[in-house]
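According to the numbering used here, the sequence shown holds residues 2 to 320 in order.
For glycine and all other residues, C-beta sits at the position ideal for the given N, C-alpha and C.
The model shown is predicted, which means the values in this text are computed figures rather than measured ones.
Worksheet: the structure to be examined is printed underneath.
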Amino acid sequence: YGRFCGRELPDAITSDSNSLQVKFNSDDSVQSTGFQAEYFIDKDECAIRRGGCQHTCINTIGSYMCACHNGYTLHENKHDCKEDVEGCRHYLNDHKGVIVSPLWPKYYPSKSNCEWRITTAPGHRIKLTFDEFSIEPHDQCVYDYIELFSAPSKLLGKYCGGISDVPSDIISDEEELIVKFKSDDSVQRHGFQAAYSSVCGGDLNATSERKTIYSHAKYSDQNYPNNARCEWTIKASPGAKVSLKFTTFDLEDGKDECGYDVVELYDGVKEKNKLLGSYCDVQLPPKTVTTSDKLIIVFNTDNTVTWKGFAAEYQEVVA
2 YGRFCGRELP DAITSDSNSL QVKFNSDDSV QSTGFQAEYF IDKDECAIRR GGCQHTCINT
62 IGSYMCACHN GYTLHENKHD CKEDVEGCRH YLNDHKGVIV SPLWPKYYPS KSNCEWRITT
122 APGHRIKLTF DEFSIEPHDQ CVYDYIELFS APSKLLGKYC GGISDVPSDI ISDEEELIVK
182 FKSDDSVQRH GFQAAYSSVC GGDLNATSER KTIYSHAKYS DQNYPNNARC EWTIKASPGA
242 KVSLKFTTFD LEDGKDECGY DVVELYDGVK EKNKLLGSYC DVQLPPKTVT TSDKLIIVFN
302 TDNTVTWKGF AAEYQEVVA
């Protein structure tokens, strides 16, 4: 927890377990008055049944407190959680998190109508993984169900039943995933708990409008991750071309061969003879225009140094 000397008082120290060892050493020269400290035992109220908290229990010195998942606020009794006053509508833009059905882990209420809109950085997608899933079953899911949409209108799937009735991973086509949950007024179940995260790569459509792509979802907040394996395919209309211009570029210096972290651009297909260029370091790559209607961007990083990454603009160019 620390080594201390001098005259400055250390902050209060709390052990992680039921024991704390204090060692005091002195040499054979200068002496001083020493120290006096108070210790006391603090019970972990969260250890048993989460301290009675419906969602999350947080242990504090001499006490504890309850907290709620996104979309819920703490009830006046300080233990239960209730939906936010705005209703069951949630807008999430973190690069990862968890969503749960109303009143989770208790049975969800009747006549629920909830929606989660999860967004990430342009050029990235949302992956959703259900850890728990128990919704009133039906062959066509007409009673209680979850619907998943990529963008406002593209239905990815409609699900009910048990955990075996949903795919292991669901990935949106674009940077937004919409989750809708509805229940009727009869049978209820425990509901669901799902984790979401941002994943790089995917298929993008180039239009006359200039669009932006980022190396990683947390581009403006932190460096790109180690061991990234990303591939984007940007498609223009038949007969048109794809234009790509980097606006920022900050990768690890891989010397002449870009052997560490690298961006590769391919014209149409990912073959060696279609390689337009391999780029690293901090110098902006030149503007690229394909000869075909497709551009492939590959971004790979190793397991050591990371940097800020890149941002690039792409659009369709009519031949």
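| Item | Value |
| --- | --- |
| Cross-strand partners of G269 (DSSP beta bridge) | According to DSSP, which records beta bridges pairwise, G269 is partnered with nothing at all. |
| Continuous beta strand (DSSP E) stretch holding H182: start and end | With the sequence shown as reference, residue 182 is identified as Phe, and His is not the correct amino acid for it. Start and end: E177 to K183. |
| Distance between G255 and S209 (C-alpha atoms, nearest Å) | 34 angstroms |
| Where D262 falls, given that 16 or more other Cβ within 10 Å makes a residue buried | buried |
| Alpha-carbon to alpha-carbon, N60 and L10 | 24 angstroms |
| Sequence-distant residues of the same chain with beta carbon closer than 8 angstroms to D170, five excluded per side | K128, L129 and T130 |
| The segment 104-113 in contact with the segment 180-199 per 3-pair CB rule at 8 angstroms | yes |
| Range of the contiguous beta strand (DSSP E) that encloses S216 | Where S216 is concerned, there is no enclosing beta strand (DSSP E), given that its DSSP letter is neither H nor E. |
| R118 (DSSP reduced to helix, strand or coil) | strand |
| L396 versus K288: straight-line alpha-carbon distance, rounded | Since the first residue of the chain shown is 2 and the last is 320, residue 396 is not available in this structure. |
| C-alpha distance - V86 paired with N114, whole-angstrom precision | Unreliable placement is indicated for V86, whose pLDDT of 47 sits below 50; the coordinate value is still reported in the next sentence. Roughly 14 angstroms between the two C-alpha positions. |
| Residues near G53 by beta carbon distance below 6 angstroms, same chain, minus five either side | H80 |
| Nearest residue (CA-CA) to V167, options L266, H139 and G158 | G158 |
| Helix, strand or coil at T61 [DSSP, three-state] | strand |
| Short Cβ contact (8 angstroms threshold) for P123 with T213 | yes |
| C-beta contact flag for G269 and W233 at 8 angstroms | no |
| CB contact flag (Y215, G278, <8 angstroms) | no |
| A312, DSSP secondary structure in three states | strand |
| Same chain only: Cβ atoms within 6 angstroms of V264, ignoring 5 sequence neighbours per side | Y280 and F300 |
| Cβ neighbour criterion (16 or more within 10 Å) applied to E176 | buried |
| Reference A218, options C82, T57, N94 and G240, closest by Cα | N94 |
| beta-carbon V167 near the ligand NAD non-hydrogen atom, thresh 7 angstroms | Among the components modelled here there is no ligand, and therefore nothing to report on the ligand NAD. |
| Status (buried if at least 16 other CB within 10 Å, exposed otherwise) for E253 | buried |
| CB contact flag (D282, N227, <8 angstroms) | no |
| First and last residue of the uninterrupted beta strand (DSSP E) at F25 | Looking at the DSSP string, F25 is not in any beta strand (DSSP E), and its letter there is neither H nor E. |
| Coarse secondary structure for G52, derived from DSSP in three states | helix |
| Whole-angstrom distance between I49 and C231, CA atom to CA atom | 43 angstroms |
| In DSSP terms, what Y197 is bridged to | G98 and L129 |
| Secondary structure of A13, DSSP reduced to three states | coil |
| Endpoints, the beta strand (DSSP E) within which H91 is located | R90 to L93 |
| Coil, strand or helix - V86 by DSSP | Confidence is the limiting factor: at V86 the pLDDT is only 47, short of 50, which leaves the residue's position unreliable, though a coordinate-based value still follows. DSSP places V86 in coil when its eight states are reduced to three. |
| Closest Cα partner of T34 within the set E46, C6, I42 and H56 | C6 |
| Proximity of D132 and A196 at Cβ, strictly below 8 angstroms | yes |
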